[in-house]
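Asker:
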Amino acid sequence: MAKLTKKEYEDLIKSTTKAVLEQKGLTEVVRKLKFNEKPIDEMDKYEKTMRFFQAKMDNNRAEVAKYCGGKVKDLSGNTSGSGLELLPTEFHSDIIDRVKADPRALRNLCTVVPVTYRNGTWPVGATGISLSYESSDTNPITATSPTFSSLPYSVTRLDGYTAISRDLLSDSPVDLYNYLAKQYAKAFVKQENLSIMTGTGTNQPTGIVNTGSIVSVASANAGTTNVLTCDDLVQLPFNVDVTWRDGGAYFVNTSIVRQMKLFKDNQGRYLWDNGDVQAGVPASFNGYPVYEFSAIFPSNLTVNSKTTCTEAVFGNLEYYYFFDKMEMGSEINTQSDQAFKNHEALVKMWERIDGKLSIPASFALLTGFLA
Numbered sequence: 001m002a003k004l005t006k007k008e009y010e011d012l013i014k015s016t017t018k019a020v021l022e023q024k025g026l027t028e029v030v031r032k033l034k035f036n037e038k039p040i041d042e043m044d045k046y047e048k049t050m051r052f053f054q055a056k057m058d059n060n061r062a063e064v065a066k067y068c069g070g071k072v073k074d075l076s077g078n079t080s081g082s083g084l085e086l087l088p089t090e091f092h093s094d095i096i097d098r099v100k101a102d103p104r105a106l107r108n109l110c111t112v113v114p115v116t117y118r119n120g121t122w123p124v125g126a127t128g129i130s131l132s133y134e135s136s137d138t139n140p141i142t143a144t145s146p147t148f149s150s151l152p153y154s155v156t157r158l159d160g161y162t163a164i165s166r167d168l169l170s171d172s173p174v175d176l177y178n179y180l181a182k183q184y185a186k187a188f189v190k191q192e193n194l195s196i197m198t199g200t201g202t203n204q205p206t207g208i209v210n211t212g213s214i215v216s217v218a219s220a221n222a223g224t225t226n227v228l229t230c231d232d233l234v235q236l237p238f239n240v241d242v243t244w245r246d247g248g249a250y251f252v253n254t255s256i257v258r259q260m261k262l263f264k265d266n267q268g269r270y271l272w273d274n275g276d277v278q279a280g281v282p283a284s285f286n287g288y289p290v291y292e293f294s295a296i297f298p299s300n301l302t303v304n305s306k307t308t309c310t311e312a313v314f315g316n317l318e319y320y321y322f323f324d325k326m327e328m329g330s331e332i333n334t335q336s337d338q339a340f341k342n343h344e345a346l347v348k349m350w351e352r353i354d355g356k357l358s359i360p361a362s363f364a365l366l367t368g369f370l371a
């Protein structure tokens, strides 16, 4: 009878133990045993990510390096040794995939520009390609080229924070993985949307409404009652040149959607169509898509002594350049008073982004009406 090798013997013991535990309904024990004992090349993305967070919680940098590619990533361009590790690739990809799948994520409508360094410039076509007819095949061809301007960018870190039970980090790799990916994707989408529309440009992207030279249009009643009219919204797209208007959409708060849904044409037909947001078909008004947000624009602006006025935007986000360093990282703190008292790990995740409108004429801002 052939003797078992040491590895064959160990595998036999593991499989027998697993079978007995599963027979008794102790599948959670099996999962924890597998999670604790597996070598890294046998771990799935859930286990790798939770091991990464455990190592961060224990401040075990050697262990952390195994799960983030074995290196500390340079986050500032040419300067090495920032001391921050990137998230495991699979986890980063899953968060980004969830962002891309979110029908309300404005970054999906923008021109996303992956960047390598923290600061730089990006060429923007100002005139496009010049075309002309030639009257003879023998005429020399005049060389033409597009005129480019430069759009400067400087990516800034966007941080997200949450508190997690330290026991959960140890015991629930699959469920916690999905929870973290979902919650951070939703949080990043919400803040990115806000930055794209209303960012100040100081340590954050420059939002549409804060871009100089976009067309500003006062509502018809801006000097009197400040009541929004159907005509205000119908005429707004025509303040954008037809060159940029194709592909444009309305971007409004929920309070304005309530009013838009009630507007009718002269035949009594509603101008609003519900669409199917979850299927990727946005609602539309007068033939143009509408993207609704709970409070992306301020609703406390003062006009004619009325303190509840707001704004709305029409334009084409293809001309908004969203600069993304294509990296996400994390830090964990277990030593603060809150973390110690509640047996928690305070988790911070971050990304580095910037954004600017390349062609201001591609947007129009409606002002001076009640929310």
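The numbering of the sequence shown is my numbering, which starts it at 1 and goes up by one.
Quick reminder that beta carbons are idealized off the backbone N, C-alpha and C, glycines included.
1. Look at the alpha carbon of residue 346 and the alpha carbon of residue 160, and state the distance between them as a whole number of angstroms.
2. Going along the chain, which unbroken runs of the alpha helix (DSSP H) with 4 or more residues stay wholly within the region 256 to 317?
3. Alpha carbon to alpha carbon, what distance is there between residue 44 and residue 111?
4. Do you know offhand how far residue 372's Cα is from residue 99's?
5. Where does residue 334 fall in DSSP's three states?
6. Return helix, strand or coil for residue 76, following the three-state DSSP convention.
7. Taking 9 Å as the threshold (C-beta atoms), are residue 245 and residue 251 in contact?
8. Rounded to whole angstroms, how far is the Cβ of residue 236 from the Cβ of residue 86, which I believe are closer than 8 Å?
9. Can you tell me which of 326, 226, 361 and 206 puts its alpha carbon nearest to the alpha carbon of residue 314?
10. In angstroms with no decimal places, state the Cα-to-Cα distance between residue 341 and residue 332.
11. Evaluate contact between the region 105 to 123 and the region 181 to 194, counting only Cβ atoms and requiring at least three cross-stretch pairs below 8 Å.
12. Pick out whichever of 249, 199 and 61 has its Cα sitting closest to the Cα of residue 286.
13. Is it the case that the region 265 to 272 contacts the region 220 to 228, given that we only count it when at least three CB pairs across the two stretches are under 8 Å?
14. Note down the Cα distance separating residue 325 from residue 298, rounded to an integer number of angstroms.
15. With which residues is residue 321 paired in a DSSP beta bridge?
16. Beta strand (DSSP E) containing residue 162: first to last residue?
17. Report, in whole angstroms, the separation of the C-beta atoms of residue 114 and residue 354, which I expect to be a contact under 8 Å.
18. What do you reckon, are the CB atoms on residue 49 and residue 88 nearer than 9 Å?
19. Taking only the alpha-carbon atoms, compute the straight-line gap between residue 158 and residue 323 and give it to the nearest angstrom.
20. Among 97, 54, 356 and 120, which residue has its Cα nearest to the Cα of residue 199?
21. Take residue 26 and list the residues in its own chain whose beta-carbon comes closer than 7 Å to its own, dropping the five residues that flank it on each side.
22. Please classify residue 295: is it buried, with 16 or more other beta-carbons within 10 angstroms of its beta-carbon, or exposed?
23. Smallest Cα separation from residue 363: which of 201, 63, 216 and 58?
24. With a threshold of 9 Å between beta-carbons, can residue 61 be considered close to chain C, or not?
25. Smallest Cα separation from residue 54: which of 164, 41 and 123?
26. Quick one: what does DSSP say residue 351 is sitting in, helix, strand or coil?
27. In whole angstroms, give me the CA-to-CA distance for residue 337 and residue 149.
28. Would you say residue 312 and residue 263 are within 9 Å of each other, going by their C-beta atoms?
29. Could you tell me which residues DSSP puts in a beta bridge with residue 153?
30. Between residue 260 and residue 309, what straight-line distance do the alpha-carbon atoms span, to the nearest angstrom?
31. Indicate whether residue 359 and residue 64 have their beta-carbon atoms separated by less than 9 Å.
Answerer: Straight from the coordinates:
1. Annotation: residue 346 to residue 160 spans about 10 Å, alpha carbon to alpha carbon.
2. Fully enclosed alpha helix (DSSP H) runs of 4 or longer: not present.
3. Residue 111 and residue 44: Cα-Cα distance of roughly 33 Å.
4. Here the chain comprises residues numbered 1 to 371, so residue 372 is not present and cannot be evaluated.
5. Coil, per DSSP.
6. The predicted model places residue 76 with a pLDDT of 33, which falls under 50 and marks its position as unreliable; any figure quoted below should be read in that light. If DSSP states are grouped into helix, strand and coil, residue 76 belongs with coil.
7. No, these two residues do not count as a Cβ contact at 9 Å.
8. Residue 236 to residue 86, Cβ: 43 Å. No contact.
9. The shortest C-alpha separation from residue 314 is found at 361.
10. One Cα belongs to residue 341, the other to residue 332, and the distance between them is close to 16 Å.
11. In short, these stretches touch, since the Cβ pair count reaches three.
12. The candidate whose alpha carbon is nearest that of residue 286 is 249.
13. No: fewer than three Cβ pairs fall under 8 Å.
14. Using only the alpha carbons, I get a separation of about 29 Å.
15. Beta-bridge annotation (DSSP): residue 321 is paired with 111 and 356.
16. Boundaries of the beta strand (DSSP E) around residue 162: 156 to 165.
17. Not really, about 12 Å apart at Cβ, beyond 8 Å.
18. The answer is yes: Cβ separation under 9 Å.
19. Each residue's alpha carbon lies about 13 Å from the other.
20. It is 356.
21. Residue placement at residue 26 cannot be trusted, given a pLDDT of 44 that sits under 50; what the coordinates show is reported in the next sentence. Excluding positions up to five away in sequence, the list is empty.
22. Exposed, by the Cβ-count rule.
23. Scanning 201, 63, 216 and 58 for the CA closest to the CA of residue 363 turns up 216.
24. Given the protein chain composition of this structure (a single chain), no chain C is represented.
25. 164 is the residue among 164, 41 and 123 whose C-alpha sits nearest the C-alpha of residue 54.
26. Here residue 351 sits in strand by DSSP.
27. Straight-line Cα distance between these residues: approximately 51 Å.
28. The answer is no: Cβ separation not under 9 Å.
29. DSSP output for residue 153 lists 120 as bridge partner(s).
30. Going from the Cα of residue 260 to the Cα of residue 309 covers about 16 Å.
31. Contact: no.
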